[in-house]
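Each remark here refers to the structure printed beneath this line.
Number of protein chains: 2
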Amino acid sequence: MFFGEYPYKVDEKGRVPLPPKFRREMKEGVILAKGMGEKCITVYTIVEWKRLSDKLAEKAVTPANLRKLNRAIFGSAFSASFDGQGRIKLPDPLRDYAKIADTAIVVGANTRVELWSEEGWQAEKPSSEEQASQIIESGV
Amino acid sequence: MFFGEYPYKVDEKGRVPLPPKFRREMKEGVILAKGMGEKCITVYTIVEWKRLSDKLAEKAVTPANLRKLNRAIFGSAFSASFDGQGRIKLPDPLRDYAKIADTAIVVGANTRVELWSEEGWQAEKPSSEEQASQIIESGV
DNA sequence: CCCTTTTTCCCCACTTTTCCCCACAAACCT
DNA sequence: AGGTTTGTGGGGAAAAGTGGGGAAAAAGGG
Chain A
64 MFFGEYPYKV DEKGRVPLPP KFRREMKEGV ILAKGMGEKC ITVYTIVEWK
114 RLSDKLAEKA VTPANLRKLN RAIFGSAFSA SFDGQGRIKL PDPLRDYAKI
164 ADTAIVVGAN TRVELWSEEG WQAEKPSSEE QASQIIESGV
Chain B
64 MFFGEYPYKV DEKGRVPLPP KFRREMKEGV ILAKGMGEKC ITVYTIVEWK
114 RLSDKLAEKA VTPANLRKLN RAIFGSAFSA SFDGQGRIKL PDPLRDYAKI
164 ADTAIVVGAN TRVELWSEEG WQAEKPSSEE QASQIIESGV
């Protein structure tokens, strides 16, 4: 379970730390992929990634469909592991996609972790909060 | 069950005590999150947090919806535990959000606890009392 | 195919923050 | 009144954030 919002520096080598609490649930490394729909990088634990890709595969009705799906999902995914300081290297294609320059906002989103550029996060946050408050006001 | 209203100092390290009576129901630590709608910090027991987040997740109708919800709810939540003196460290993003400077008003609100800035609480209290008396007058 | 250049990865180093512990004074309870 | 609990402050050890050097591996060009 991942919580919270943490700003981290991305150094010249493209490395970003994740919070120690997150690392402890990611000992076997992580899968980095494009955020679905959103301009961010999604960080999956290995088990979460397996669950997701299995679930998607079930949904593909035709073989051609499945091939396209696999291409899209696996084509933009990279595995990564931590260096001695708890950092991962962001693959350039993903870093470009999310427009992350020298600061990354690490956001815990329950089963997943997301990496945002400062600007991207400033834009997304209100929209997510809006969505959330609608659901909350509809009665909890 | 949490009662009452207590002012506490926030020290230079961002630590706030909770009343001993509250602590005793929070031995396994707490989850701090943004007040929903209000500019305060909400303190949940672990079980209360689980109940809330599960309930919210049920309400999401689409995957995109659920992603935004998780982002908003979990992204602004932090886990915390008590030091030897019964204090917790307020995460900077939440402290900023609630505009808590050097004094926090700790308010017991039945299943939850809230942390307010002095000014925020002065503004909110009359509005809550007003609302409450309307509900009470409508028949208890 | 080999040599050069670039990238990756592991290690070390420094600074800041966090967390755990101790200390004291005020309040409370009996 | 005396002992216990609680509010408040701070010191110091440990952990985390940040930056960089250099060997190994990969890529690219002649």
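Sequence lines, in order, name chains A and B.
Adding 63 to a residue's 1-based position in the first sequence gives its number in my numbering.
Adding 63 to a residue's 1-based position in the second sequence gives its number in my numbering.
Yeah, the Cβ is synthetic: ideal placement off N, Cα and C, and Gly gets one too.
Quantities reported herein were computed from a predicted structural model and do not represent experimental measurements.
Taking 7 Å as the cut-off, decide whether the C-beta atoms of residue i and residue j are in contact.
i	j	result
Ala140 of chain B	Ile104 of chain B	no
Val170 of chain A	Gly171 of chain B	no
Met99 of chain B	Ile136 of chain A	no
Ile109 of chain A	Glu91 of chain A	yes
Arg134 of chain B	Ser190 of chain A	no
Phe65 of chain B	Phe85 of chain B	yes
Glu68 of chain A	Pro156 of chain B	yes
Lys102 of chain A	Gly183 of chain A	yes
Can you name, in chain order, every residue of its own chain whose Cβ lies under 7 Å from the Cβ of residue i, other than the five neighbours on each side?
i	result
Lys72 of chain B	Asp165, Thr166
Pro154 of chain A	Leu95, Phe141
Relative to the C-alpha of residue i, which residue among the options is closest?
i	options	result
Ile94 of chain A	A:Arg114, A:Glu101, A:Ile198	A:Arg114
Gly77 of chain B	B:Ile163, B:Glu121, B:Trp112	B:Ile163
Phe145 of chain B	B:Thr125, B:Pro70, B:Glu68, B:Leu81	B:Leu81
Tyr107 of chain A	A:Pro126, A:Glu192, A:Arg175	A:Arg175
Gly147 of chain B	B:Val79, B:Glu101, B:Glu111, B:Leu119	B:Val79
Asp74 of chain A	A:Asn173, A:Arg150, A:Arg86	A:Arg150
Pro70 of chain A	A:Trp179, A:Leu157, A:Glu121, A:Ile168	A:Ile168
Leu178 of chain B	B:Ser196, B:Ala186, B:Arg158	B:Arg158
Can you tell me which residues form a DSSP beta bridge with residue i?
i	result
Ser116 of chain A	According to DSSP, Ser116 of chain A bridges with nothing at all.
Pro70 of chain A	A:Ile168
Pro126 of chain A	Beta-bridge pairing links Pro126 of chain A to no other residue.
Ala143 of chain B	B:Val93
Glu181 of chain A	Bridge partners of Glu181 of chain A: none, in fact.
Tyr160 of chain A	For Tyr160 of chain A, which the question treats as bridged, DSSP gives no partner whatsoever.
Ordered along the chain, which non-local residues of its own chain (more than five positions away) have a Cβ less than 6 Å from that of residue i?
i	result
Ala123 of chain B	Leu129, Leu132
Trp112 of chain B	Ile94
Checklist entry - Of the residues that make up the region 99-119 of chain B, which ones have a beta carbon closer than 9 Å to any beta carbon in chain A? => result Met99, Gly100, Leu115, Ser116, Lys118, Leu119
Item to check | Residues within the region 136-155 of chain B neighbouring chain A, beta-carbon criterion of under 9 Å | outcome: Ile136, Phe137, Gly138, Ser139, Ala140, Phe141, Ser142, Pro154
Item to check | Residues within the region 192-203 of chain A neighbouring chain B, beta-carbon criterion of under 9 Å | outcome: Glu192, Glu193, Gln194, Ala195, Ser196, Ile198, Ile199, Glu200, Ser201, Gly202, Val203
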